[in-house]
């Protein structure tokens, strides 16, 4: 792709950085509104019409707060880790076809699914580093818990992700999305549900939200952050949620591809992408609201005793059913 | 993890909550009616007051002081000290103190929290005319 | 059930020579003054002979040249107060913690505020006052001068009063001490817990109380009796009706005031409404602490109509100001009855849903079943009260045993569960809500007519009284002593959480660190109630309670 104006527009504005930022802020609002309605209350309502400006207000507030680095923290790591986390998450989006093409068109390649999964892991690791570099016992514990939970559930996640790759015969996200004339959620619903639950643990949401549990360790790994750095981390967390939902969309719901009515197809593809991501976020919130927080030992036991074997079984089931399902795959 | 198979009741409840309208109300756009008998801001009936000072003596928070006005000594209520127990109303032998339903009393100026006799008289009159402003 | 006559005659028979004086001014109350040093014999006799006895509290009163110690022993229904006097210059007395461990905190309290040394106490140190309080200065003594704080101002705020949250000591040994300091975002009220953790197991815990100490007992001596009702109400926002009823009953007992039947019934209504909203609050907070936010929001949503009813009856949602000495302050008009009944029946239907959730929701069961076990024998030895006791199978309820207000005329059940864990305590409270709704419906149907208040003189005759009510968290005890003036001579408040917090250690020792939230919240701690004593000009830094679970276990692993 030649590096010209269109390139910069795509990278920086749409469907690049600005769009991603705005979209993740919107998803934050959506998440909070959905959670509130599930709890029979209003959710953000006062800032902007129906509270749409609430996430922006929150970030502006964070930017006006004092930015403190603890005396004993490792300065470099403390400052760089949030930015690194954000950059990695945003970069991962470059392999997700948002408007039918990747952000840098034709940059997808065979194996970019693996790259995406690896990048997610590394980005989470930088979040861990941010907590670890704070030299605060609460942060240290929060960081370690994050890693324990994340790395534990990463393995089943990858195993589940192999299912759609296997069905579509390709490790390229764009190809997997294109091949879903019938979305894989209908072909292998068991993988979809289990993937959602594992994603819940990866993102650190209820019932796996021990890393963020206020009632136990103050604020986990973000305890020492304030001001700009906290804003970075919070945005990184928000983008992580959208990324997870986008991953689900591409792997199971057919990505941005859907019926195109009149007008340019890019707009319709973006529209379907947005709709599907919001639907996945809704499901994640729903699953999250239904259970209480599990203890860390229960989380770990659930992972190794249940999730791991189940993931292998699910993969085996997918492989066994593949001959029956392959005619349906685009 | 043994009970994973049975669908928890909560799942249905959350789904039904999504379909209901929220329980919270958008204050201050929507205001809730306060029941009568609510212990809000004080009303003094100066014509009934006999300046006995029992309200001043009996207040547990020392929030009432009697001051001289044009005709007689009347109580001044320090709302920043008041605990709204209305012991003053109980102690008053002439029932000259009554609670109103006014509760939006927050202010950035301390003077507005000291109910002086002139203000009390006017707030009594305003309440009669249905004007519930500070 | 023991009657007070049995207890008194037993004491007179076995220890006749040691008894100086014995008064039984009211049924179920006895005040026995023993010769110096013979309190242990009396108490051990009572504890051994009758079952279901326990120490309710220990009150110290400064009588000028002597300090009088009242040991309030409950024999289920009646309360026998064993009095003992010690000279002020050398205030020493033998401890009773070897007879009954539950008295440990009460003795520390008297030591802290009055300077009485309990010989043989395993751990006699400060309970309520801050660590930097000047030595030798005992606030509850009559000759205490507040100026001593001014003089010592440069010493206050020393190192010991600063606590670092999450400090780790002993990195080389396997047992790590973790202090969860006053400020913690998850705590509802301030206190400090020092945990000793080995791997994932809690070895020991030591709660430090006193962060919400406001000096109410001393302040109560400076206000007249009827003003004290308002002061006592503000000890705790959640159980305020219980405090006012208890105090009013104590003063009415001293003054031999008989309140009209209608007042008794109205007091019952407010008391039960108080209990309902407090238990609902706890149910919601449990959900919140365990990460189950929808439960929290739903329960508090259903609590709102109860608060609206309270507002309709008393004029305010929480601080009701409904009771006074001599009855109640407002009437309950019959047109409100229908509204109350409607709300109550709606709530009853909702309670079925919540009981279902607590019983069957898998994630809640995972977090609360088998967590925080308190064996019945420990519960008896530690003298715990309220739902904590009833969740361990001990059937103890003041409303039935020592009936007050209108409870002797109302049929109701006392709920007990044998499971002894956090889940049982939660279920006890959930079912008590339903019982309270039934009580309210019954009372509304049977409220007699007539006056609701009698006029009461400002001065009360000389005397003393012990009054107990079943607050939402358990047995609440007020001891009031009058010297014939309009001001009380001594007011002592023992709130249920103080009785229950001593069991926290027992509950959590040997448990997983991660079970601390579920265990602590099942005790329903209300530290505003606990810390109210003695006159202190303390700056109320509200801290956040609670613990670091897993801090150590993951720190060990990494």
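Protein chains in written order, with this note's numbering: chain W, 1 to 330; chain U, 1 to 134; chain E, 1 to 558.
Even for Gly, the Cβ is constructed at its ideal location relative to N, Cα and C.
Rounded C-alpha distance that separates residue i from residue j
i: residue 114 of chain W; j: residue 170 of chain W; result: 11 Å
i: residue 177 of chain W; j: residue 255 of chain W; result: 5 Å
i: residue 102 of chain W; j: residue 147 of chain W; result: 30 Å
i: residue 336 of chain E; j: residue 117 of chain U; result: 34 Å
i: residue 309 of chain E; j: residue 277 of chain E; result: 11 Å
i: residue 488 of chain E; j: residue 220 of chain E; result: 7 Å
i: residue 328 of chain W; j: residue 156 of chain W; result: 26 Å
i: residue 99 of chain W; j: residue 117 of chain W; result: 21 Å
i: residue 128 of chain W; j: residue 405 of chain E; result: 59 Å
i: residue 119 of chain W; j: residue 21 of chain U; result: 41 Å
i: residue 191 of chain E; j: residue 22 of chain W; result: 43 Å
i: residue 273 of chain W; j: residue 319 of chain W; result: 28 Å
i: residue 512 of chain E; j: residue 277 of chain W; result: 39 Å
i: residue 484 of chain E; j: residue 462 of chain E; result: 4 Å
i: residue 305 of chain E; j: residue 200 of chain W; result: 35 Å
i: residue 218 of chain E; j: residue 306 of chain W; result: 59 Å
Simplified DSSP assignment, three categories, for residue i
i: residue 356 of chain E; result: helix
i: residue 116 of chain U; result: coil
i: residue 512 of chain E; result: strand
i: residue 124 of chain W; result: helix
i: residue 154 of chain E; result: coil
i: residue 118 of chain E; result: strand
i: residue 57 of chain W; result: helix
i: residue 267 of chain W; result: helix
i: residue 473 of chain E; result: coil
i: residue 92 of chain E; result: strand
i: residue 45 of chain E; result: helix
i: residue 212 of chain W; result: helix
i: residue 148 of chain E; result: helix
i: residue 76 of chain U; result: strand
i: residue 65 of chain U; result: strand
i: residue 42 of chain U; result: strand
i: residue 6 of chain E; result: helix
i: residue 251 of chain E; result: helix
Residues bridged to residue i (per DSSP)
i: residue 204 of chain E; result: E/196
i: residue 45 of chain W; result: None, per the DSSP bridge assignment.
i: residue 23 of chain E; result: E/31
i: residue 179 of chain E; result: E/194
i: residue 388 of chain E; result: BP columns for residue 388 of chain E are empty, so no partner.
i: residue 482 of chain E; result: E/463, E/488
Element boundaries [alpha helix (DSSP H), containing residue i]
i: residue 18 of chain W; result: 17-38
i: residue 113 of chain E; result: 104-114
i: residue 30 of chain U; result: Element bounds for residue 30 of chain U: n/a, residue is neither H nor E.
i: residue 403 of chain W; result: The displayed coordinates of chain W run from 1 to 330. Any statement about residue 403 of chain W would go beyond what the structure contains.
i: residue 433 of chain E; result: 422-446
i: residue 294 of chain E; result: 293-314
Whole-Å CB distance - residue i paired with residue j, under 8 Å assumed
i: residue 289 of chain W; j: residue 122 of chain E; result: Residue 289 of chain W to residue 122 of chain E, Cβ: 47 Å. No contact.
i: residue 451 of chain E; j: residue 420 of chain E; result: Actually they do not touch by this definition, with Cβ atoms about 46 Å apart.
i: residue 443 of chain E; j: residue 268 of chain E; result: 5 Å
i: residue 209 of chain E; j: residue 127 of chain E; result: 6 Å
i: residue 315 of chain W; j: residue 163 of chain W; result: 6 Å
i: residue 116 of chain E; j: residue 7 of chain E; result: With a Cβ gap of about 25 Å, residue 116 of chain E and residue 7 of chain E do not count as contacting.
i: residue 103 of chain U; j: residue 34 of chain U; result: 6 Å
i: residue 237 of chain E; j: residue 209 of chain W; result: 30 Å between Cβ atoms; not a contact.
i: residue 455 of chain E; j: residue 326 of chain E; result: 7 Å
i: residue 514 of chain E; j: residue 297 of chain W; result: 6 Å
Element boundaries [beta strand (DSSP E), containing residue i]
i: residue 629 of chain E; result: Nothing about residue 629 of chain E can be reported from this structure: the residues present for chain E run from 1 to 558 only.
i: residue 489 of chain E; result: 488-494
i: residue 60 of chain E; result: 53-62
i: residue 398 of chain E; result: Run containing residue 398 of chain E: none in the beta strand (DSSP E); it sits in the alpha helix (DSSP H), 398-401.
i: residue 79 of chain E; result: 79-87
beta-carbon residue i near the ligand SAM non-hydrogen atom, thresh 7 Å
i: residue 458 of chain E; result: The ligand SAM is not among the ligands present in this structure, which contains no ligands whatsoever.
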